[in-house]
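Notes follow the structure.
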Amino acid sequence: MSLLCFSIPPVLSKGLVLSVKRYFVISKMGAHAKPMANVRYIEPIELSSMMNYLKINKDYSIIDVRDADFIGGNIVGAINVPSQYFHNHKAGLAEKLSSVPKVIFHCALSQERGPKCARIYHSYLTEVAQGKELSDDFIQEVMILRGGFTAWQTLFSKDSALTEKI
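For the sequence shown, this note's numbering gives the first residue as 248, with consecutive numbering after it.
Structure follows, in structure tokens:
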């Protein structure tokens, strides 16, 4: 079994600020969740450092939820799951990423689509996990790239080891 760690930034709901924390378990049979952890924002410089020392889709995965705007360039190794289809692919994505310790979501600015898809992923795992036994074999950290691809491109558009198809 694999434990996923999420933290959703405070959410404004009917004038109240809510802080939602959850831990999730992904097993080879599917996703399971239980309350506990945090989704956090990751800075572009932190991700670039990760890319220099860790292996994509083994130590971390990048989920780019941009739609048609994905064509204009992307972070090397990013998996494109367009936000308009994310709901349909969340279960397969959770299974595919079950052994990856870090998952980074982003869109163009990481203000709407990226955070929304992280919440959809979180909700899916919570829903599937209701009433399941958990193990703490593996913690998966879910993050959102601060500033999205726009911030990334500003810093790393000339570095072909980090950015492609520009």
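No residue lacks a Cβ here, since even glycine has one placed at the ideal position from N, Cα and C. Here the structure is a predicted model, which means the values were calculated and not measured.
- For the 9 Å CB-CB criterion, Cys364 and Ser330 form a contact.
- A distance below 8 Å between beta-carbons, with the five flanking residues on each side excluded, links Thr410 to the following residues of its chain, in chain order: Gly320, Asn321, Ile322, Val323, Trp399, Gln400, Phe403 and Ser404.
- Setting aside the 5 residues that flank it on each side, Ile391 is surrounded in the same chain by Tyr288, Phe352, Ser357, Gly361, Pro362 and Ala365, each with a C-beta closer than 6 Å to its C-beta; the list follows chain order.
- DSSP, reduced to helix, strand and coil, places Leu301 outside both helices and strands of the structure shown, so it counts as coil.
- Here Glu411 carries a strand assignment [DSSP, helix/strand/coil].
- DSSP places Phe403 in the uninterrupted alpha helix (DSSP H) bounded by Gly395 to Phe403.
- For Phe352, the enclosing beta strand (DSSP E) has its first and last residue at Lys349 to His353.
- Taking a C-beta distance under 9 Å as the contact criterion, Val389 and Lys349 qualify as a contact pair.
- The straight-line gap separating the alpha-carbon atoms of Asp314 and Val328 is approximately 8 Å.
- Leu294 is the residue among Tyr300, Asp316, Leu294 and Asn299 whose C-alpha sits nearest the C-alpha of Ile309.
- Of all alpha-carbon atoms in Ser346, Ala355 and His334, the one lying nearest the alpha-carbon of Pro291 is that of Ala355.
- Taking all protein chains in view, the Cβ of Leu301 is surrounded by fewer than 16 other Cβ atoms within 10 Å, so the residue is classified as exposed.
- A straight-line Cα-Cα distance of about 17 Å links Met297 and Leu344.
- Ala325 sits away from Tyr368, with the two beta carbons spaced by 9 Å or more.
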